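>
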Amino acid sequence: DNNVDIQEFMIMPAGAKCFKEALRMGAEIFHALKGVLKGKGYNTAVGDEGGFAPNLKSNEEALEVIMEAIVKAGYKPGEDVLLALDVASSELF
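Here the sequence shown is numbered in the numbering used here, starting from 25 and rising by one per residue.
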């Protein structure tokens, strides 16, 4: 239980020219995100589906740490990498 309503925050390496490049971008951002989370004192254990599940304060903070990781990995948010959300709206109300 935490203050994050969104079920999954995902990245889309839309600027990749091929699958190999997209996979590399995803891996680089994943490792950058681990560093960002660790630097902020958050847990970096990986869940059953392969994602991080830190106890963040809000949806906004989740987006901020992902954006920071994208930049840290050397990519431009909104150009090289897009964000995707699984809102699981049944959890909102």
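Ideal placement from N, C-alpha and C gives every residue a C-beta, glycine not left out.
Keep in mind it's a predicted model, so treat the numbers as computed, not measured.
1. If I measure Cβ to Cβ from Glu103 and keep anything under 7 angstroms in the same chain, skipping five residues before and after, which residues do I get?
2. First and last residue of the alpha helix (DSSP H) that includes Leu87?
3. Report yes if the C-beta distance between Ile53 and Ile35 is below 8 angstroms; otherwise report no.
4. I need the boundaries of the beta strand (DSSP E) containing Ile35, first residue and last residue.
5. In the structure shown, what three-state DSSP assignment does Ala108 receive?
6. For Val28, does the three-state DSSP call read helix, strand or coil?
7. Just checking my contact of Lys96 with Ala46 at CB under 8 angstroms: how many whole Å lie between their CB atoms?
8. Closest to Met91 by CA distance: which of Cys42, Val111, Leu106 and Val28 is it?
With the given structure in hand:
1. Gly39
2. Asn83 to Lys96
3. yes
4. Glu32 to Met36
5. strand
6. coil
7. Lys96 to Ala46, Cβ: 18 angstroms. No contact.
8. Leu106
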